[in-house]
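Visitor:
Pasting the structure below:
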């Protein structure tokens, strides 16, 4: 009899978990508290309890070739960076293509997930749900939690003296939907993450004046990288990742700062991070520099005091009149349906082996999917987590002893620098390619570059030097996709299909042909040196 798996949430990770369960012959039941799938990517005019909320203009920060499911590319006529409405349509296409909808119970809230009395033997869970004000209870062999971490707004009002006396309007960025409310207002946005920067830029088109307050600064990059290529298709390659991880951290940091500052000198714009030895999450915004240089957005330091109709910033005695304050101060996360003895959240992280499994459970039958912030797209990350997790839940793959898992979790908490490669400043941040490859190794699905170089050198060179697109994760092993090679070899065609609205015939240059030949020979030399 197939094992029954309860999946909480029908967002990007929940959908992947359903599909992975079906691929491994398990019986999934997904509980979604709202009336449709999509999670974060489903825009609604009103904030829904327990579900991530987005504003109307949200566009993906990772391009379509890097943020798709590994065996289901985006339609080729989609833009490279996908608006939320089209992203939702893509998720629905995925669900329909793999026949996932029949496994989802909508408008069903998970009230509690508790161990059965014989858990030490069976590893089973009792899942209590509510639908139409009626509670139901069912027993499952395993549980996959796919609720994300963008549902509980962090609003530290105690850190802003005088906020209770403020007569204007203030709210968390989670409440923001449209920029109309900022028309002819003086707006202060607190927090320079992706949401805060987006909101400040949007507000600047309608507001009288916009201030963007940041304590620690941030690295702002454009979605458009060298020669107009999508940033992550250039940055996220196996070759570059290997190079970064082989160099001392100070050198890697200096090289990245130099590259980022080539587009925008952060010091001149008041954006440069105070802490530059550790990597902060990139802020993706193409418009911010233009709004700053034209005086539409002013960058300011942290808040010293909030008054009835104004704000004072640190390091200045001038008061700035303010009508609206937006707190883009991030989120906390919790699992209200789980007891703390199962998963305990402390200091913005949970004690999870490989960001997935609680290390102390007698039976590894509960997995948390998507509780990670990789330097890459969340969809392939969550999908790869689900592929490995499902095989653990099924019993095909085994976890190491609890002592080994706890030791690794504690080492990650300490976040000691390795002195090589990038150093991440937050607990949930992770090196995308390194982490994905580690999980793929567990299921024997990591691309075998050396053997590939002998059997298919063109593919091997593309995999190593080209974008580390999700299709690479389906070249071999369980869940191998026959279309993976073709998807890899045609990824640039799909990238430029939507941008080449006008094609100009160019005569080939002999010098250009020589350069291509020279570059190819240089690549062969590099491969040879790596193999030595």
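In this note's numbering, the protein residues as written are 120 to 651.
Positions of the beta carbon are idealized from the N, C-alpha and C atoms, including for glycine.
1) Can you tell me whether residue 234 is helix, strand or coil according to DSSP?
2) Are the region 507–514 and the region 198–213 touching by the rule of at least three beta carbon pairs closer than 8 Å?
3) Per DSSP, which one or two residues make a beta bridge with residue 244?
4) When you compare each of 164, 206, 170 to residue 181 by their alpha carbons, which one comes out closest?
5) Within a Cβ cutoff of 6 Å, which residues of the same chain sit near residue 349, ignoring the five residues on either side of it in sequence?
6) Do you know offhand how far residue 271's Cα is from residue 155's?
7) On the CB-based measure, 16 or more other CB atoms within 10 Å of its CB, does residue 496 come out buried or exposed?
8) Identify, in the order they occur along the chain, each residue of the same chain with its Cβ nearer than 6 Å to the Cβ of residue 417, setting aside the five sequence neighbours on each side.
9) Quick one: measure Cβ to Cβ for residue 139 and residue 506, integer angstroms, because I've assumed they're closer than 8 Å.
10) Taking residue 428 as the reference, give the member of 283, 355, 625 with the closest Cα.
11) Who pairs with residue 525 in a beta bridge, going by DSSP?
12) Measure the Cβ-Cβ separation of residue 215 and residue 177 and say whether it is below 8 Å.
13) Sorted by chain position, which residues of the same chain lie with C-beta nearer than 7 Å to residue 464's C-beta, five sequence neighbours on each side aside?
14) State the Cα-Cα distance for the pair residue 491 and residue 582, rounded to the nearest angstrom.
15) For residue 187, report the span of its alpha helix (DSSP H) as first-last.
16) May I ask you to verify whether the region 139–149 touches the region 158–172, counting CB pairs closer than 8 Å and requiring at least 3?
17) Report the option in 389, 131, 421 whose CA atom is closest to the CA atom of residue 412.
18) What is the DSSP secondary structure of residue 213, counted as helix, strand or coil?
19) According to DSSP, is residue 380 part of a helix, a strand, or is it coil?
20) Have a look at the DSSP bridge pairing and note the partners of residue 344.
21) Mind checking residue 212: buried by the 16 CB within 10 Å criterion, or exposed?
22) Please look up how many angstroms separate the CB atoms of residue 601 and residue 188, rounded, as I've assumed it's under 8 Å.
23) Measure the Cβ-Cβ separation of residue 264 and residue 124 and say whether it is below 8 Å.
24) Who are the near neighbours of residue 333 in its chain, counting only those whose CB is closer than 6 Å to its CB and skipping five residues on each side?
25) Below 8 Å between beta carbons: does that hold for residue 443 and residue 281?
26) With 8 Å set as the bound, which would you pick, yes or no: does the beta-carbon of residue 196 sit closer than that to a beta-carbon of chain B?
27) I'd like to check one pair, residue 476 with residue 469: are the Cβ atoms closer than 8 Å?
28) Sort 564, 150, 401 by Cα distance to residue 257 and report the nearest one.
29) For residue 158, does the count of other Cβ atoms within 10 angstroms reach 16, so buried, or fall short, so exposed?
30) Hey, would you say residue 227 sits closer than 8 Å to residue 586, going by beta carbons?
31) Across the region 370–387 and the region 240–256, are there enough close Cβ pairs to call them in contact, namely three or more that are closer than 8 Å?
32) In whole angstroms, give me the CA-to-CA distance for residue 186 and residue 210.
33) Compute the beta-carbon to beta-carbon distance between residue 363 and residue 371, rounded to the nearest angstrom, for a pair I have assumed lies under 8 Å.
34) Please report the Cβ distance between residue 448 and residue 295, rounded to the nearest whole angstrom; I am assuming they are in contact, meaning their Cβ atoms lie under 8 Å.
35) Considering residue 139, what are the terminal residues of the alpha helix (DSSP H) in which it resides?
Guide: Let's see:
1) strand
2) no
3) 234, 259
4) 206
5) 182, 199
6) 20 Å
7) buried
8) 330
9) 5 Å
10) 283
11) For residue 525, which the question treats as bridged, DSSP gives no partner whatsoever.
12) no
13) 452, 453
14) 25 Å
15) Careful: residue 187 lies outside any alpha helix (DSSP H) and carries neither H nor E.
16) no
17) 389
18) helix
19) helix
20) Answer is none; residue 344 lacks a bridge partner.
21) exposed
22) About 15 Å; that fails the 8 Å criterion.
23) no
24) 311
25) no
26) Included in the structure is just one protein chain, with no chain B present.
27) no
28) 150
29) buried
30) no
31) no
32) 12 Å
33) 5 Å
34) At roughly 13 Å, the Cβ-Cβ gap does not stay under 8 Å, so residue 448 and residue 295 are not in contact.
35) 131–142
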